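Protein chains in written order, with the UniProt record's numbering: chain V, 1 to 275; chain P, 1 to 85.
Shown next, in structure tokens, is the structure this report addresses.
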Amino acid sequence: MKFVERAFGSPKRELPKEETEKRKNPLSSAEEEILEMREKASSKDIIGGCSSRPVFVEFKDDGAGIFKLSSREEKLEHVGNYKKERAAYLADRFLGFGLVPPTVIREIDGEIGSVQEFVPDAKTAAEAYLTPAEGKEPTLTKEQKQSLKLELFKLWFFDYLLYNRDRHGGNLLVKENKIYAIDNGWTFRKNDFYWPFCRFFDTPIPQEVKDAFERFYSWKEGKEILRDLLSELLDKDEVDCFFKRVEVVERFVRQGTIPENAQSALKFDPGIIEK
Amino acid sequence: MQYVEFYKLKNDGSQEVIATCGMKDGVVVCEGDEALIENLAKDGILDYSQSPPQKIFPKEGPRFLEQLKYNFKSGYLNASEIKEK
Chain V
1 MKFVERAFGS
11 PKRELPKEET
21 EKRKNPLSSA
31 EEEILEMREK
41 ASSKDIIGGC
51 SSRPVFVEFK
61 DDGAGIFKLS
71 SREEKLEHVG
81 NYKKERAAYL
91 ADRFLGFGLV
101 PPTVIREIDG
111 EIGSVQEFVP
121 DAKTAAEAYL
131 TPAEGKEPTL
141 TKEQKQSLKL
151 ELFKLWFFDY
161 LLYNRDRHGG
171 NLLVKENKIY
181 AIDNGWTFRK
191 NDFYWPFCRF
201 FDTPIPQEVK
211 DAFERFYSWK
221 EGKEILRDLL
231 SELLDKDEVD
241 CFFKRVEVVE
251 RFVRQGTIPE
261 NAQSALKFDP
271 GIIEK
Chain P
1 MQYVEFYKLK
11 NDGSQEVIAT
21 CGMKDGVVVC
31 EGDEALIENL
41 AKDGILDYSQ
51 SPPQKIFPKE
61 GPRFLEQLKY
71 NFKSGYLNAS
81 EIKEK
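Right, dumping it as structure tokens:
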């Protein structure tokens with residue numbers, strides 16, 4: 001990276017092709033390649049929902065995905081949400097949480113959009129008994145509850161870093177006590193509000209979450225690569241706010257908890273972020 | 001009567017109606033998938049017409065029905081527009 005770019009930033013900085021390829025590779029997966037390269041075998045419009053109206057796509061030689069088309073982002077506030085689907089996957093991949101199904105951006109039938117690997121046999125949290133209803137017996141064993149609690153903590157921590165304003169029972173999947181974060185188009189917010197599915201303020205951060213975050217935080221080159229990859233998808237302000245949050249959260253990770261009054265620490269006016 | 005259908009995405013890409021919520025005597029009554037209905041009653045949904053959004057519950061009536069499609073839009077479980085029958 002040139003010194004001038006490092007010093008002053010460049011919102012639309014384009015890397016030379018060779019450098020881009022090199023920087024994209026370290027964590028790209030076989031699943032991403034399948035989503036990117038396989039030919040479409042069939043597709044079906046998914047009915048219902050208010051926006052994006054995704055398409056279910058089956059690929060030749062196995063595999064399926066949820067395709068969100070750029071052209072269906074009709075409201076101004078939705079424009080670019082498909083890119084955030086990919087950006088959230090990349091952030092998750094670099095953090096090592098394994099929450100977001102593989103997500104790529106590609107063209108299908110002349111339309112650009114995000115394709116996220118379909119998770120078969122999954123339920124949305126809205127269809128699952130994560131907590132027993134009033135007067136009902138718990139349906140999960142102690143081990144299942146512990147495993148699920150760790151997954152939910154990871155999700156909360158992830159949404160906190162990405163300042164997601166839209167996490168609820170309709171956009172997270174549960175399958176065999178594993179959580180999948182889907183519908184990530186409202187992530188990488190700057191300073192409006194943050195809406196998690198559940199809250200773990202003042203709760204000790206589990207070791208697994210600490211380890212994953214610290215691994216990412218201490219991986220200097222990884223952070224630079226992620227910044228470059230995110231910069232291809234998001235506004236410079238959105239990327240800057242994410243990395244500013246990483247710095248704030250690192251201090252909390254060292255302390256061992258994220259305090260309840262820390263929510264305001266995640267809001268940044270992009271104009272005053274230190275460069 | 002006004003009502004909303006919930007469409008569950010199946011592994012082959014087809015969708016099936018697993019629940020409906022409709023107005024009955026001024027309140028929303030839901031039928032179908034037991035866990036979904038219990039969670040709607042217990043956890044509510046988000047009202048995106050407010051900023052920041054607020055939790056609303058079936059007792060809110062038409063507003064609850066109207067907001068379902070904004071909450072269930074991922075593809076895996078989608079809510080329909082309000083229908084009439």
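Where a beta carbon is used, it is the ideal one built from N, C-alpha and C, also for glycine.
Bear in mind that the values here come from a model prediction, so they are computed numbers and not experimental data.
Chain V contact for P:S49 (CB, 8 Å cutoff) = Walking along the second sequence from the start, residue 49 of chain P turns up at place 49. Chain V contact via Cβ: absent.
Could one say the Cβ of V:A126 lies closer than 8 Å to chain P's Cβ atoms, at least one of them?
-> Locating residue 126 of chain V in the first sequence gives position 126, where the first residue counts as 1. Yes, V:A126 counts as interfacial toward chain P.
Secondary structure of V:M37, DSSP reduced to three states | For the purposes of this step, residue 37 of chain V is taken as residue 37 along the first sequence, with counting starting at 1. Judged by DSSP in its simplified three-state form, V:M37 adopts helix.
Spatial neighbours of P:V17 within its chain, please: CB distance less than 7 Å, with the 5 preceding and 5 following residues excluded, ordered by chain position.
-> Residue numbering aside, residue 17 of chain P sits at position 17 when the second sequence is read from its first letter. These residues qualify, in order along the chain: E5, F6 and Y7.
Where does V:A125 fall in DSSP's three states?
-> The residue you call residue 125 of chain V lines up with position 125 of the first sequence. Here V:A125 carries a helix assignment [DSSP, helix/strand/coil].
Measure the C-alpha to C-alpha separation of V:L140 and V:A126 and round it to an integer number of angstroms.
-> Translated into positions along the first sequence, residue 140 of chain V becomes position 140. Translated into positions along the first sequence, residue 126 of chain V becomes position 126. Between V:L140 and V:A126, the C-alpha separation is close to 16 Å.
May I ask you to list, following chain order, the residues of the region 78-112 of chain V that have a beta carbon less than 7 Å from some beta carbon of chain P?
-> Against chain P - using a Cβ distance shorter than 7 Å - the region 78-112 of chain V contributes no residues.
Between the region 21-55 of chain V and chain P, which residues of the former have CB atoms less than 9 Å from a CB of the latter, in chain order?
-> S42, S43, K44, I46, I47, G48, G49, C50, S51, S52, R53, P54 and V55
Kindly indicate the opening and closing residues of the beta strand (DSSP E) around V:A64.
-> As a first step, residue 64 of chain V must be located in the first sequence, where it is residue number 64. V:A64 -> beta strand (DSSP E) spans A64 to L69.
Hey, out of P:F72, P:T20, P:E84 and P:G32, whose CA is closest to V:G49's CA?
-> Within the first sequence, residue 49 of chain V is the residue found at index 49, counting from 1. Considering only alpha carbons, the answer is P:F72.
Taking the runs of the alpha helix (DSSP H) that are 4 residues or longer, which of them lie wholly in the region 49-118 of chain V?
-> 81-95
Using a Cβ-Cβ cut-off of less than 7 Å, list which residues of the region 55-83 of chain P approach chain A; keep chain order.
-> In the structure shown, chain A cannot be found, because the protein chains are V and P.
Are there 16 or more other CB atoms within 10 angstroms of the CB of P:P53, so buried, or fewer, so exposed?
-> The residue given as residue 53 of chain P occupies position 53 in the second sequence. Buried is the call here.
Look up V:Q255 in the DSSP assignment and say whether it is helix, strand or coil.
-> Translated into positions along the first sequence, residue 255 of chain V becomes position 255. Three-state result, V:Q255: helix.
Pick from V:K145, V:L90 and V:F197 that is closest to V:R165, judged by C-alpha positions | The residue labelled residue 165 of chain V in the question sits at position 165 within the first sequence. Checked all of V:K145, V:L90 and V:F197; the closest Cα to V:R165 is V:F197.
Just how far apart, CA to CA, sit V:A30 and V:S114?
-> One-based indexing of the first sequence puts residue 30 of chain V at position 30. One-based indexing of the first sequence puts residue 114 of chain V at position 114. For V:A30 and V:S114, the distance between alpha carbons rounds to 17 Å.
From which residue to which residue does the beta strand (DSSP E) around P:A41 run?
-> For the purposes of this step, residue 41 of chain P is taken as residue 41 along the second sequence, with counting starting at 1. Counting along the chain, P:A41 falls outside any beta strand (DSSP E), though it belongs to the alpha helix (DSSP H) covering E34 to D43.
Kindly confirm or deny that the region 60-79 of chain V and the region 88-100 of chain V touch, where touching means at least three C-beta pairs closer than 8 Å.
-> No, the region 60-79 of chain V is not in contact with the region 88-100 of chain V.
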